[in-house]
Amino acid sequence: MKFSSEEIAKKSLEHLEFVVAVESSSDEDSTTIPSTPGQAHLARLLAEFFEKHGATTELDPMANLVARLPGRGAGRDKPPIALMVHLDTARGTAPVEKLQIKKDWDGLALMYPRNPELQVSVKNYPVLESYMGQDVVFGPGDAPFGLDDKLGLTHMMTLAWLLKEHPEVDHSPLIFVARPDEEIGRMEALIGLAQLLADGKVTSGYTIDGLDPFEINIENFNASRAAMNFASRPVESSPNVARVFLGGVNTHGATAKVEGHRPATRFAAEILAELKTREAGVQLVWFVCDELRDCDAVAYFVFDEPEGLGELFEVVEEIVAPHIVRGGSFEVSEVETAPGFDAAASDAIEFVGKFLASDPGFTLSAEDSEGFDGYSQPYRVIPEAGGFRLDIRLRDFDPIALKKREEHVVAQAGSMDVEVVQQYINMGPKLKERPELVEWARAAAKKLGIASGVQPIRGGTGVDPFLDKGIAVANLGTGYFAPESEKEFTTMQTMSAHALWLFELVQLTA
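For what it's worth, this note's numbering labels the leading residue of the sequence shown as 1023, then goes sequentially.
Right, dumping it as structure tokens:
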């Protein structure tokens, strides 16, 4: 190897800082593909990068980038392998030009410059013990900076650099793919791309979009979303109004249990239940989740007596304070009025509490779910014409079990109409006949002396159009903590090792 692990890590950091400085979050309210101009801008920058590293590139109007490297040596005439990432990041992601580095991390709380109350430590997150002694790379702490999937993109860029610097290495023909709008499920962006790859005789590929170091994924959730509307019920205004900001513990559903996720919808349901138990004379009259961070919300309460404000503060503090070290927060202030006075807000939040307290025989909250367990998560309440809408994420690896989750929502809703939308399906059944994808990845890790394992994706990968065209696509881990959270981090050592993992993998396929 021409370069040391430290040199590869340094180059990886250069690539990571290059891509996270570009704003490319997607927008589910947009009707265009890509949904945001930043994705097209990033695709053009990447085309220049891969061309400088020996690839020919194609860029379509939807911002799908295809960069081709011809095979070399023994791999020259082998079938091509596609390596794929997505250009977009989740809403609420903020670009960062310079990342923080904590060398030889001792496991004590990292210092996030814009969020000093965060306590990301081995004490609070025991799963992080494996990162001790490494050089941790993290952001300012006020928003995620996009490791999902810009860390995967970084590994792909570093692989291209390694291959350019090692012309003696044999490898199969490689097709680097960067696609738009994965976070918002715009599958229509992939129809032409999947056909293009199929026409090019591609039958095997990997998305580089996993979480844990060296994980290999051949299963993901089946997913749907349920929505219901709570009809407006006007309530009298009051001279005593309080505004409450509820900052949730922001995590991906994949890591909700490990990170202690808490959405504002759950906080509000627990607050409302406690207020009723105390007969505090405090009523919820408005509630809206943040459009960028749906785990956060602003609620308005009215109270009969002036002392109701103090009791409201006491209850909010009791419910939220234990979660501050993991990113939760709250503010309570008396205000003159609310945006509206509607008992439907209270109806929606009360439903959340009753729903989470029900016992259908399967796990409900994402923060109580792990491994092959699914969840049914009421995650967002927003005002709409005629009332408030509650959205619920439904996830399960078994399609029959997902159907039961959908039926449970309908049963809990009673006479209310429930809209259920299918989102994506488990890729597992279509990958059963392609065990070599796992074998190649495990063999490449073993060659580096690294343990790898097969585990499920507690999310989706957006590869259905490729599977439909006969292109088997497994997923590879990228090695980081706290996806889509202000707490997210990776390490220099992890970046170097993952680039080398891909470097060995493309040689093995030859």
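Quick reminder that beta carbons are idealized off the backbone N, C-alpha and C, glycines included.
Ala1245 sits in a strand when the DSSP states are folded into three classes. Around the Cβ of Ile1240, a 10 Å sphere holds 16 or more other Cβ atoms; the residue is buried. Ranked by how close their Cα comes to the Cα of Gly1482, the residues Phe1267, His1108 and His1520 have His1108 in first place.
Per DSSP, His1177 is not a residue of any beta strand (DSSP E); the alpha helix (DSSP H) it occupies stretches across Leu1169 to Glu1187.
Counting along the chain, the unbroken alpha helix (DSSP H) around Val1374 starts and ends at Ala1365 to Ala1379.
For the pair Arg1098 and Gly1076, the Cα-to-Cα distance works out to about 15 Å. Straight-line measurement puts the Cα of Glu1028 at about 10 Å from the Cα of Ser1034. By the Cβ test, the region 1209-1227 is not in contact with the region 1421-1432, since fewer than three Cβ pairs between them sit closer than 8 Å. Looking at the DSSP output, Met1106 bridges to Val1199 and Thr1229. With respect to the 9 Å criterion, Pro1478 and Asn1244 are not classified as neighbours on the basis of their beta carbons. Between the alpha carbons of Lys1298 and Val1307 lies a gap of roughly 14 Å.
Straight-line spacing of the CA atoms in Glu1336 and Arg1300 works out to 11 Å.
Assigned with DSSP and collapsed to three states, Ser1047 falls in strand.
By the 16-neighbour rule on beta-carbons within 10 angstroms, Asp1364 is buried. In this structure, Ala1085 lies away from Glu1073, with their beta-carbon atoms at least 9 Å apart. Under the DSSP definition of a beta bridge, Asn1239 partners with Asn1497. Contact between the region 1259-1268 and the region 1345-1360 is present: 3 or more CB-CB pairs across the two stretches fall below 8 Å. Three or more beta-carbon pairs drawn from the region 1246-1266 and the region 1322-1339 are found closer than 8 Å, and the two stretches are therefore classed as touching. In summary, Arg1136 is exposed, with fewer than 16 beta-carbon neighbours lying within 10 Å of its beta-carbon over all protein chains present. Within its own chain, the residues whose Cβ lies closer than 7 Å to the Cβ of His1520, once the five positions on either side in sequence are excluded, are His1177, Thr1500 and Gly1501, listed in chain order. Here Arg1113 carries a coil assignment [DSSP, helix/strand/coil]. The alpha carbon of Met1438 has as its nearest neighbour, out of Gly1450, Asn1448, Glu1455 and Gly1409, the alpha carbon of Gly1409.
Using a Cβ distance threshold of 9 Å, Ala1532 and Arg1094 count as a contacting pair.
Judged by DSSP secondary structure, Ser1027 falls within the alpha helix (DSSP H) whose first and last residues are Ser1027 to Val1042. For Leu1306, the enclosing beta strand (DSSP E) starts and ends at Val1304 to Cys1311. Apart from the 5 residues on each side of it in sequence, Arg1284 sits with its Cβ closer than 7 Å to the Cβ of Gly1270, Val1271, His1345, Gly1350 and Glu1389 in its chain, given in chain order. Cα atoms of Gly1484 and Gly1207: separation of roughly 7 Å, rounded to the nearest angstrom. DSSP lists no beta-bridge partner residue for Ala1423.
In terms of CA proximity to Asp1234, Val1476 leads the group Lys1469, Val1476, Asp1203 and Val1460.
When DSSP states are grouped into helix, strand and coil, Ala1264 belongs to the strand group. Here the C-alpha atom of Ala1319 lies approximately 11 Å from the C-alpha atom of Arg1288. Counted as a single uninterrupted DSSP element, the beta strand (DSSP E) harbouring Phe1410 occupies residues Gly1409 to Asp1418.
Within 10 angstroms of the beta-carbon of Lys1509 lie 16 or more other beta-carbons, which makes it buried. DSSP places Tyr1153 within a helical segment (H, G or I) once states are collapsed to three. Taking the CA atoms as reference points, Ser1226 sits about 5 Å from Ala1494.
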